[in-house]
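Engineer: In the working numbering, the protein residues as written are 1 to 473. Even glycine gets a Cβ: it sits at the ideal position worked out from N, Cα and C. Since the model is a prediction, treat every value here as computed from it, not as a measurement.
In structure tokens:
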């Protein structure tokens, strides 16, 4: 069975550390599996990104306007919005590549990303010049690009059957952050403190608030984020695992002679340099993450369809947010205080927006879940880098198209319709390919299911050692 006990680490060779020793207090730690830890960090990550967007974007224009002047707001507002998205777009595949090549552990990548978020938000908070606000959002965007290794670990600790529910949970956490953001802005509205010449108000305080939240999140990562070995899921590391099992099973028993023990030790000593040389050669011969073979993986009909559906969904959302306010103001006379209702047209608009909002959760969660099932788990870091880059690109292009074409909103809605229809056709074309094995039965072993690991009471290596000892006696 590939299922693991609740008190055992997912891929670590040691049991999950308990915070208590007595049987009466162990209930608080029994549920701290590697899966729960990764999902907890991932959900709080999504929550903070949602809060950050919801409390900074609505006040950014007024931050430039009130602290500096109108010219600064005109020159830096659009560039600052784009800076965050561009830096996230560039750094998202970089984080995925670093994790895929095992240059840096995921835990350290997340800690480094959080430090960039903290630095960027502190720059946003104290900025004495408009360009420092721009720089702060750019640095924070670099930190926001660390999602690929985090979501790749989410894939590693979940089975195919339960993954959709987990991804929905992560998306709900982000949406809750977007909802909580405006409430936090209202709480900060009366805030105004003056420390010598420095003023803390509703416009710059979101930077300090987010820096504190990211600091708390960093502490949580250090405290509970597990170490998940990629080698158990990589396709080319099966020989290494088999070699470890063979070495363990061939250990001499206590009754073995000294000569046999010496001979076995010599063989192991001679094999170690050869294994190291082979591993080094495999790393050198490993194809580039951007090779044609890897590109074909993302051009498969099922994978490409899910990437396109994801781009279409986020593009439509961002374009709608950009074009709807000016269009509603122009055609219906909507403003901050007064609302005019032409009955037929406003009904059609509200019905369209309602359908769009209802469909969003499905077009966000389901394509992401199916995408993770179409890509080998060993390539999941790079795959998540590609997926998050597509999202970042759509978030960047959507407001740009919606804003530039706000004077012809029908053209924006037409582009959204074309993308949606093409997404539907692609999904229908790839429908048969989207039926992945392992979803029908829960007991069927999965390539990404939770793997049992060694502990003091019962591990695979320990069982093999006991069998070898019994055979030798």
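#1: What's the gap between the Cα of residue 415 and the Cα of residue 304?
#2: In terms of residue numbering, what span does the beta strand (DSSP E) encompassing residue 198 cover?
#3: Roughly how many whole angstroms lie between the Cα atoms of residue 401 and residue 73?
#4: Taking contact to mean 3 or more Cβ pairs, one atom from each stretch, closer than 8 Å, check whether the stretch 105–121 and the stretch 148–159 are in contact.
#5: Does the distance from the C-beta atom of residue 214 to that of residue 48 stay below 8 Å?
#6: Return the first residue and the last residue of the alpha helix (DSSP H) that residue 192 is part of.
#7: What separation, rounded to the nearest whole angstrom, lies between the Cα atoms of residue 115 and residue 417?
#8: Return the chain-ordered list of same chain residues with a C-beta closer than 8 Å to the C-beta of residue 411, the five sequence neighbours on each side being excluded.
#9: Can you have a look at residue 134 and say buried or exposed, based on whether 16 or more other CB atoms are within 10 angstroms of its CB?
#10: Measure the alpha-carbon distance for residue 282 versus residue 97 and round it to whole angstroms.
#11: Does the stretch 50–57 come close enough to the stretch 167–181 that 3 or more CB-CB pairs lie under 8 Å?
#12: Taking residue 105 as part of the alpha helix (DSSP H), name the residues at either end of that continuous run.
#13: Using 10 angstroms around the beta-carbon of residue 131, count the other beta-carbons present and answer buried if the total reaches 16, otherwise exposed.
#14: Answer with buried or exposed for residue 46, where buried requires no fewer than 16 other C-beta atoms within 10 angstroms of its C-beta.
#15: Just how far apart, CA to CA, sit residue 287 and residue 434?
#16: Would you kindly report the start and end of the unbroken alpha helix (DSSP H) that includes residue 130?
#17: Please work out which residues of its chain come closer than 6 Å, Cβ to Cβ, to residue 144, disregarding the five sequence neighbours upstream and downstream, and give them in chain order.
#18: By the 10 Å Cβ neighbour count, where 16 or more other Cβ atoms means buried, how is residue 507 classified, buried or exposed?
#19: What's the call for residue 295, buried or exposed, on a 16-neighbour Cβ count within 10 Å?
#20: Under DSSP, the alpha helix (DSSP H) around residue 342 begins and ends at which residues?
#21: Using the three-state DSSP reduction, which class does residue 397 fall into: helix, strand or coil?
#22: Within 10 angstroms of its Cβ, does residue 81 collect 16 or more other Cβ (buried), or is it exposed?
#23: Could you pull out every unbroken alpha helix (DSSP H) segment of at least 4 residues lying fully inside the stretch 23–83, listed in chain order?
#24: Should residue 222 be labelled buried (16 or more other beta-carbon atoms within 10 Å of its own) or exposed?
#25: Residue 136 and residue 78: beta carbons closer than 8 Å?
#26: Helix, strand or coil: how does DSSP classify residue 115 here?
#27: Relative to the C-alpha of residue 129, which candidate in 328, 186, 68 and 58 has its C-alpha closest?
#28: Among 212, 298, 198 and 195, which has the Cα closest to the Cα of residue 372?
#29: Nearest to residue 346 by CA position, among 330, 360 and 361, is which residue?
#30: The alpha helix (DSSP H) that contains residue 379, what's its start and end?
#31: Can you list, in chain order, the residues of its chain whose CB lies under 8 Å from that of residue 399, leaving out five sequence neighbours each side?
Structural biologist: Reading it off the structure:
#1: 20 Å
#2: 198–201
#3: 21 Å
#4: yes
#5: In contact: residue 214 and residue 48 (Cβ atoms closer than 8 Å).
#6: Careful: residue 192 lies outside any alpha helix (DSSP H), inside the beta strand (DSSP E) at 192–195.
#7: 40 Å
#8: 405
#9: Within 10 angstroms of the beta-carbon of residue 134 lie 16 or more other beta-carbons, which makes it buried.
#10: Residue placement at residue 282 cannot be trusted, given a pLDDT of 47 that sits under 50; the coordinates are not used to answer.
#11: yes
#12: No alpha helix (DSSP H) contains residue 105, which DSSP labels as neither H nor E.
#13: exposed
#14: buried
#15: Because the pLDDT at residue 287 is just 44, under 50, the model does not fix this residue reliably, and the value given afterwards should be weighed accordingly. Spanning the two alpha carbons is a distance of roughly 27 Å.
#16: 130–144
#17: 88
#18: Past the boundaries of the shown model lies residue 507; the chain is included only from 1 to 473, so the question cannot be answered.
#19: exposed
#20: Run containing residue 342: none; DSSP gives neither H nor E here.
#21: Here residue 397 sits in helix by DSSP.
#22: buried
#23: Counting only runs of 4 or more, we get 27–30 and 34–67.
#24: Classification for residue 222: exposed.
#25: no
#26: helix
#27: 68
#28: The shortest Cα separation from residue 372 among 212, 298, 198 and 195 belongs to 298.
#29: Selected option, being the one with the closest Cα: 330.
#30: Run containing residue 379: none; DSSP gives neither H nor E here.
#31: For residue 399, where only same-chain residues beyond five positions count, the Cβ hits under 8 Å are 81, 318, 319, 321 and 322.
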